[in-house]
Each structure stands twice: as structure tokens, then as C-alpha cells.
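Participant: Mapping of the sequence shown onto numbering that gives the first Met the number 0: position 171 corresponds to residue 170, and the numbering continues sequentially without gaps.
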Amino acid sequence: MRKGLICVLMTTLLLSGCGQAGVSEAEELALAVRAEYLAMDSCTTRAAVTADYGQRVYQYELAAAVSGEETVLTLSAPETVAGLTARLSGEENLLEFDGVSVETGPLDDDGLTPVSALPALLEAAKSGYITACALEEDGTVLRVDCGDPSGSPGAGTETALWFDASTYALTRGEVSVDGFRVILCEFFDFTGN
């Protein structure tokens, strides 16, 4: 995280030192979105999550509330798991219901799971190394791609984020591992404070 934050700060300093010369509208917007997410203390959203393990695919719907280091996710679909609550605080991730905890398994070598996907996407919005950004859908959506600054495209863990260009609300996020999308999150009613 510290390495990513240093890269973000250096990028911001370089861009501001250039007097914005040669900076695209998408790059300016990406920096404004980043500043908004860095200042955000909390957020709430509903999400549809697809976790693809290759041989098996899981789809969930959930409500999320993030406050500081704590994230609370409450599953609403499928019906068989409705009411399950995940509480994440720092490094501790627990999926619980009436005292019973469940683990679906990691999607990458860093321990990414469907439960930790939302915090991982929010962290990428705040401090991920931006490899590309572009305005899509007639300029109404900003796409920001994040990855390892020393890695090759399609290798390692990469994140793609889509934001509403006018409200900065996160509308979609994807995590890919070695070019294979393992997480897709579509967000509804995203609000940040």
C-alpha cells in the first residue's frame, strides 16, 4: 500500500508540476475521483457480485456499509444464503450467520475472496497504481485501470473500475488475475461520505 501511495503522490506532483500540460480530461477526472475516495470516511451500496473460480461460478447480491477500517456485507441473494453477514476489519475476514462461519476460498495468491472484493476495489480507487483511464459511454463513465507498475499487462492482479463521471459514484469493478476475470461487482445506490 505504501508503494502505491507513493506512486500516486508522485504522479499527482508530476501532473501538477506540468501545469496540466498534456493531461487528458480522463486523467484529470481520475485524479479528482481519487481525491474524493481518499477523503471518504464511509460509504454504502448494494452490489451484484460474480466470483469466477474457473470450474465454479458464484453469484451474490448484497448490501454493504463501509466505515473506516470496518466493512459489513449482508447477503440478500441467493435465497439460501440471505442474511449471512460478513464483517471485515483490517486483516480479519469472517462470514457469519448464527455463530457459524463460512469460507469460499481465495481467488488469487494474495487471498482475494468474494467477501474481500469490495474493500479491495475501494483500496484500488484510493491508491491503486493507475495504468490507464478513459471516458466511455459519451463521457458519462470514467474507466480507471490499476495494476502493478512493474508488471506486464495481463499478468498478476489487475483492477478495472468504472465511475459515474458526474457524481464519482463507483458503478462497476472487476479484478483479473493473469488476464482472467475472477471478480465482477456491479454497484447500485453507491453513496460516500
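Quick reminder that beta carbons are idealized off the backbone N, C-alpha and C, glycines included.
Using a Cβ-Cβ cut-off of 6 Å (strictly less than) and excluding sequence neighbours within five positions of Gly193, which residues of its own chain qualify?
Facilitator: Residue 193 lies beyond the stretch modelled for the chain, which goes from 0 to 192, so this question has no answer here.
Participant: Could you tell me the distance, in whole angstroms, from the CA atom of Ala133 to the CA atom of Thr166?
Facilitator: Here residue 133 refers to the residue found at position 134 of the sequence shown. Here residue 166 refers to the residue found at position 167 of the sequence shown. Near 16 Å, if we compare the C-alpha coordinates of Thr166 and Ala133.
Participant: Would you report the Cα separation of Gly146 and Glu157, rounded to the nearest angstrom?
Facilitator: In the sequence shown, residue 146 corresponds to position 147, counting from 1. In the sequence shown, residue 157 corresponds to position 158, counting from 1. Gly146 and Glu157: Cα-Cα distance of roughly 5 Å.
Participant: Is the Cβ-Cβ distance between Thr44 and Gln58 less than 8 Å?
Facilitator: Locating residue 44 in the sequence shown gives position 45, counting from the first residue. Locating residue 58 in the sequence shown gives position 59, counting from the first residue. No, the Cβ-Cβ distance between Thr44 and Gln58 is not below 8 Å.
Participant: Would you mind working out which of Gly82, Tyr52, Ile129, Lys125 sits nearest Glu26, comparing C-alpha positions?
Facilitator: As a working mapping, residue 26 is identified with position 27 in the sequence shown. Closest option to Glu26, Cα to Cα, is Ile129.
Participant: Helix, strand or coil for Thr139 per DSSP?
Facilitator: On the sequence shown, residue 139 is found 140 positions in, with the first residue counted as 1. If DSSP states are grouped into helix, strand and coil, Thr139 belongs with coil.
Participant: If you compare alpha carbons, which of Asn192, Val174, Phe186, Val181 is closest to Phe214?
Facilitator: Because the chain in this structure spans residues 0 to 192, residue 214 falls outside the shown range and cannot be described.
Participant: Sort Val56, Thr190, Ala63, Ser115 by Cα distance to Leu169 and report the nearest one.
Facilitator: One-based indexing of the sequence shown puts residue 169 at position 170. Closest option to Leu169, Cα to Cα, is Thr190.
Participant: In this structure, how does DSSP classify Tyr36 when only helix, strand and coil are distinguished?
Facilitator: Along the sequence shown, one-based indexing puts residue 36 at 37. Reduced to three states, the DSSP call for Tyr36 is helix.
Participant: Return the chain-ordered list of same chain residues with a C-beta closer than 6 Å to the C-beta of Gly172, the five sequence neighbours on each side being excluded.
Facilitator: Your numbering for residue 172 matches position 173 in the sequence shown. So the qualifying residues of the chain are Leu120, Leu160, Cys184.
Participant: With Ser75 as the anchor, note down where its beta strand (DSSP E) starts and where it stops.
Facilitator: By one-based count along the sequence shown, residue 75 stands at place 76. That run of the beta strand (DSSP E) goes 69-76.
Participant: Is it right to say Leu117 is buried, meaning 16 or more other beta carbons lie within 10 angstroms of its own, or is it exposed?
Facilitator: Here residue 117 is taken as the residue at index 118 of the sequence shown, counted from 1. Buried, because 16 or more other Cβ atoms sit within 10 Å of the Cβ of Leu117.
Participant: Between Asp144, Gly110, Glu69, which has its C-alpha nearest Ala131's C-alpha?
Facilitator: For this step, residue 131 is matched to residue 132 along the sequence shown. Ranking Asp144, Gly110, Glu69 by Cα distance to Ala131 puts Asp144 first.
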